[in-house]
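Working notes for the structure below.
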Ligand SMILES: NC(=O)c1ccc[n+]([C@@H]2O[C@H](COP(=O)([O-])OP(=O)(O)OC[C@H]3O[C@@H](n4cnc5c(N)ncnc54)[C@H](OP(=O)(O)O)[C@@H]3O)[C@@H](O)[C@H]2O)c1
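Residue numbers (this note's numbering): 63 to 397.
As structure tokens, then:
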């Protein structure tokens with residue numbers, strides 16, 4: 063382990079939050095507030111940028127309560143120190159979610175500490191870089207697809223709707239479902255991205271403005287066998303009412319609203335299931351299964367048009383672009 067190493071540190075000063083690259087040491091890394099962290103140390107090779115990181119880097123106390131802080135909810139690297147019986151020095155590992163990068167120093171640093179219960183061994187057929195191209199958004203997409211598959215929905219069951227299809231989660235979900243042989247209807251607000259979505263495997267493009275609920279109605283005609291919804295709110299209510307009997311809607315997001323006002327009819331007349339996704343809280347057995355799927359059957363081998371690799375020094379600018387809604391590709395950070 064180096065004596066001094068680089069970290070993206072966010073500091074609070076006069077109510078403002080400044081993010082800059084600083085040199086820190088092992089003592090600095092092991093102390094979070096007045097708590098000493100005695101866990102495994104990972105030399106981070108790659109991290110990835112998520113919206114939660116951008117919020118943490120700009121002082122959102124719903125994400126990170128205490129500053130100074132090092133964000134980065136995703137990281138992949140090699141173990142350089144551990145007292146764990148489950149891992150040894152040199153093991154290549156992945157950490158996503160839990161409290162990593164939120165209230166625990168995260169992956170925007172050359173080294174990170176982690177409790178061993180958060181650590182996933184790198185699946186054999188996935189590189190550390192590939193793991194971070196997927197990161198939490200790819201993991202969320204794969205988890206939602208697994209919910210649909212495990213519910214018994216097959217390509218023969220009918221079309222699957224994906225909402226927020228051009229987003230980080232939605233685009234991965236479209237690609238994975240298409241790879242598995244499902245017919246995909248991709249809902250988007252961006253007409254100009256129709257060709258891009260078709261290149262990912264979407265068979266039909268739906269204008270998201272047309273997913274409109276009528277609160278007076280309990281059901282609409284069946285349109286989809288299942289749906290992967292990243293948006294929530296009134297369109298989720300409409301989607302639930304359009305799912306075929308015994309179908310499933312899996313939801314990860316609340317872009318338009320945290321509230322869901324809908325009818326009980328899809329649940330008790332058609333037996334539709336609404337299944338929530340909480341990527342960061344996924345239990346370890348399921349987590350391992352999802353990473354194995356990503357490394358194998360679900361691997362879409364994202365090409366270079368899917369992501370940009372940036373240095374730690376280039377990251378603050380990318381965070382500002384993400385907050386301004388101007389980032390169009392996944393940002394992978396090479397430490
Ligand atoms: N629960 C979990 O574990 C978990 C994990 C990861 C992410 N999330 C959440 O899932 C959601 C999607 O994440 P993401 O990383 O894919 O986000 P993202 O990259 O920002 O994409 C979100 C997409 O939603 C669509 N959208 C934007 N504004 C909208 C609006 N007003 N109405 C309807 N659609 C709108 C856009 O797609 P179109 O233009 O193509 O419609 C946009 O590309 C976010 O809410 C995120 O916080 C949850």
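Heads up, the beta-carbon is just placed ideally off N, CA and C, and yes, glycines get one too.
Predicted model only: the values in this text are computed from it and were never measured.
{"Asked": "Is the distance from the Cβ of residue 310 to the Cβ of residue 335 below 8 Å?", "Found": "yes"}
{"Asked": "For the alpha helix (DSSP H) containing residue 328, list its first residue and its last residue.", "Found": "327–330"}
{"Asked": "Following a CB-centred definition, is residue 184 positioned closer than 7 Å to any heavy atom of ligand 1?", "Found": "no"}
{"Asked": "Please classify residue 255 as buried or exposed, where buried requires at least 16 neighbouring CB atoms within 10 angstroms.", "Found": "buried"}
{"Asked": "Determine, using beta carbons only, whether residue 214 and residue 292 come nearer to each other than 8 Å.", "Found": "no"}
{"Asked": "Going along the chain, which residues of its own chain have a beta-carbon closer than 6 Å to the beta-carbon of residue 162, five neighbours each way excluded?", "Found": "135 and 168"}
{"Asked": "Would you give the residue range spanned by the beta strand (DSSP E) that residue 307 belongs to?", "Found": "305–313"}
{"Asked": "Thinking just about the alpha-carbon of each residue, which of 279, 258 and 295 is nearest to the one in residue 271?", "Found": "295"}
{"Asked": "Just checking residue 381 against ligand 1 - is the residue's beta carbon closer than 7 Å to any of the ligand's heavy atoms?", "Found": "no"}
{"Asked": "Please classify residue 225: is it buried, with 16 or more other beta-carbons within 10 angstroms of its beta-carbon, or exposed?", "Found": "buried"}
{"Asked": "Do residue 259 and residue 231 have their CB atoms nearer than 8 Å?", "Found": "no"}
{"Asked": "Quick check: the segment 102–110 against the segment 185–198, are there 3 or more CB pairs under 8 Å?", "Found": "yes"}
{"Asked": "Taking Cβ positions, are residue 364 and residue 332 nearer each other than 8 Å?", "Found": "no"}
{"Asked": "Which residue marks the beginning of the alpha helix (DSSP H) containing residue 349, and which one marks its end?", "Found": "346–357"}
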